[in-house]
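J.: Once you've had a glance at the structure underneath, I'll fire off some questions.
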Amino acid sequence: MTQLKTYLSKKRKKKILLAMAFLVMLVASGLGSQVSLSSFLRGLPDMLDLVRRMFTLDFSYIVSVMDLLFETFLMAFVSSAFGVFLASLITFFLPYNTSPSQIVSKVLSAVFSVFRTLPSLIWAALLVSFFSAGRFSGLLALSIISFFMSTKLIKEYIEAMDKDDFDFYKSLGIGKGKIYYKIILTKMRKFIVSTFLLCLESNIRSASILGLVGAGGIGQRLWLELNHMNYDRVSSIIFMLLILIFIIDLVSQKIREIDIKSPINVNNLASYKKSNILREILFIIFLIALFLIIKFSINITYERFTLGLKQGGVIIRKIISPDFAYLSRAVPAAFESAAIAIFASLMGAIVSFIFTPFTAVNIAPSKKVSVLFKVLINVIRTFPAIISAIIFFRGLGPGPFAGALALSVYTSGMLSKLYFEYIEDISAETIMSMKALGLSPFTMYAKIIYPKTYRSFLGFVLYRLESNVRNSSILGLIGAGGIGTLLSMNIAWRNWNRVGSLLLVSSIMIIFFDYLSSTIRKKLL
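The following block contains the structure:
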């Protein structure tokens, strides 16, 4: 009995300490983000006025920009396909259980981690400086992001595979290369398709903001209309993007439910040899089709491409020679970006905790309420954070407070989706047994479901924190505070040595948060 009391006392103290730590981080990050309730209330009428003006759609304009919407989809599709395809070939060298050398695995993993820290908008801004504005720079930026995202996902998937399977293949005398390219990739068909769909969804969202730096697609027209304050046209473009993302989400969900099997049946040695030949033919056809799509998607001449490579070489040499004297400005800006990311993650956690019992269909008060909240969450998470920042600018002016609120809104949508989908995966029998005890949906959620799933919820919050550290840099490019503001200024002024200093500090900050997140997961999860 005494042991039980001691255990319950320790558990209660742990909850109190976690709650206090949460409040301290929320207050500290709020102060770092210059959060002010009075400023928010003063600016609220102006923000609501801008939202009202943006709710007017211009349907005739929608028809006129359908070609730009298709161009954006094509950019996202081609970059996702190319990035995932290249990652499927290169990832062989990354996992410890397939790489021909552990040194190669560790070195490449470290290098890829550093490059992965750069957000798509930063890549696009740099590539526009190399190759000038246009679709090619955006396509290349999205391909780079898709590649690094896919290598991470595929690497983690392979490293989680059963060690006994690898030992069995090795005992048959099969080399690591054949194990990866002939066996693992074949088994990973469904996962690779899911990775492609994830990249496609992400790239559609990213393509809408790459226009800020002139990287093609409908995003370029979006920022043009914003600069001209044509808010009815801005809302029309956002509406089109929401519909496109909704369709992609729907198609993705249906494809993920399909059991992707090989269309080639192998019954004997002869059919096995024929299947290998057929796979090679299909692979060649895929490569030709991808090459043709890429060829027709890019809009750059050979002369401009070679000139861009020369310019890029000059810029890169300056970037890798950072101006260390500029660190006195870069480091405080990095702390501001970190404060924005932490505040947004914590606020998103609070909102998603409140939204989930109304959204998860198995515990919501009714299906209608669940559908209503799901629509709201989908709108929030597909609404670009940069557009939200501009709305907050109207009432608060440029600065970290507007960026923190914009990122909080976006994070609320993303976290709510992750958590309610996790709750919906709870078996119907478990939910029915709780209802049989006469528990209300809110009692079930607060007293049983959340205490049992809070570790997963914390994992989702940590995942969003990692993403928000990167996103806070993007918001800074439009004046929403943090290190991104300095990056935007110095890229525009071509101060590449200072850009190098800022990228160095930004990369160290992101790697630190990734490490911190990983450590917390191991300790608490």
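With our numbering applied, the sequence shown corresponds to residues 318 to 842, in that order.
Backbone N, C-alpha and C fix where the C-beta goes; we use that ideal spot for every residue, glycine too.
Predicted model only: the values in this text are computed from it and were never measured.
#1: Taking C-alpha atoms, which residue in Ser790, Lys627, Pro717 and Tyr727 lies nearest to Ser662?
#2: Output needed for Arg562: all residues of its chain with C-beta closer than 6 angstroms, excluding positions within five of it in sequence on either side, in chain order.
#3: Identify every run of the alpha helix (DSSP H) within the segment 729-810, keeping only runs that are complete inside it and at least 4 residues long; order them along the chain.
#4: What three-state label does DSSP hand Ser654 in the structure shown?
#5: Have a look at Phe447, Pro362, Leu348 and Leu354 and flag the residue whose alpha-carbon is nearest the alpha-carbon of Ile633.
#6: Among Val692, Glu653, Val344 and Ser426, which has the Cα closest to the Cα of Tyr413?
#7: Is the separation between the beta-carbon of Met505 and that of Tyr474 shorter than 8 angstroms?
#8: Take Leu713 as the anchor and find which of Asp484, Gly360, Phe829 and Gly665 has the nearest alpha-carbon.
#9: Using the beta-carbon count (16 or more within 10 Å), is Ser823 buried or exposed?
#10: Using the C-alpha atoms, what's the distance from Ser519 back to Trp813?
#11: Rounded to whole angstroms, what's the CA-CA distance from Thr676 to Met751? Just pull it up for me.
#12: What is the residue span of the alpha helix (DSSP H) that Thr512 lies within?
#13: Using only alpha-carbon positions, find the residue among Ser460, Val424 and Ile420 that is nearest to Pro436.
#14: Using three-state DSSP, classify Phe700 as helix, strand or coil.
#15: In whole angstroms, what is the alpha-carbon distance linking Ile577 and Ala477?
#16: Could you pull out every residue in the same chain whose Cβ sits closer than 7 angstroms to the Cβ of Lys493, ignoring the five residues on either side in sequence?
#17: In terms of residue numbering, what span does the alpha helix (DSSP H) encompassing Pro362 cover?
#18: Is it right to say Ser835 is buried, meaning 16 or more other beta carbons lie within 10 angstroms of its own, or is it exposed?
#19: Is the Cβ-Cβ distance between Ile697 and Ser729 less than 8 angstroms?
#20: If you measure from the CB of Leu365, is any heavy atom of the ligand NAP nearer than 7 angstroms?
#21: Is it buried or exposed, Phe622, if we count other Cβ atoms within 10 angstroms and call 16 or more buried?
T.: Taking the structure as given:
#1: Comparing C-alpha distances from Ser662 to each of Ser790, Lys627, Pro717 and Tyr727 shows the shortest one belongs to Tyr727.
#2: The sequence as given places Ile at residue 562; Arg does not occur at that position. These residues qualify, in order along the chain: Ile521 and Thr699.
#3: Within the segment 729-810, the complete alpha helix (DSSP H) runs of at least 4 residues are 745-753, 767-793 and 800-809.
#4: In the three-state DSSP reduction, Ser654 falls in the helix class (H, G or I).
#5: Ranking Phe447, Pro362, Leu348 and Leu354 by Cα distance to Ile633 puts Phe447 first.
#6: Restricting attention to Val692, Glu653, Val344 and Ser426, the CA atom closest to the CA of Tyr413 is found in Ser426.
#7: Between Met505 and Tyr474, the C-beta gap is smaller than 8 angstroms, which places the two residues in contact.
#8: For the residues Asp484, Gly360, Phe829 and Gly665, the minimum Cα distance to Leu713 belongs to Gly360.
#9: By the C-beta density criterion, Ser823 is buried, having at least 16 other C-beta atoms within 10 angstroms.
#10: Going from the Cα of Trp813 to the Cα of Ser519 covers about 28 angstroms.
#11: Rounded to the nearest angstrom, the two C-alpha atoms are 18 angstroms apart.
#12: Residues Arg506 to Leu527.
#13: Measuring from the Cα of Pro436, the nearest candidate turns out to be Ser460.
#14: In the three-state DSSP reduction, Phe700 falls in the coil class, being neither helix nor strand.
#15: Reliability of the predicted coordinates at Ile577 is poor, the pLDDT of 47 falling under 50, and no value is obtained from them.
#16: Cβ within range, chain order: Thr415 and Pro417.
#17: For Pro362, the uninterrupted alpha helix (DSSP H) segment begins and ends at Leu354 to Met371.
#18: Result: exposed.
#19: Yes, they are a contact pair.
#20: In the structure shown, the ligand NAP is absent, as is every other ligand, since no ligand is present at all.
#21: With fewer than 16 other Cβ atoms within 10 Å, it is exposed.
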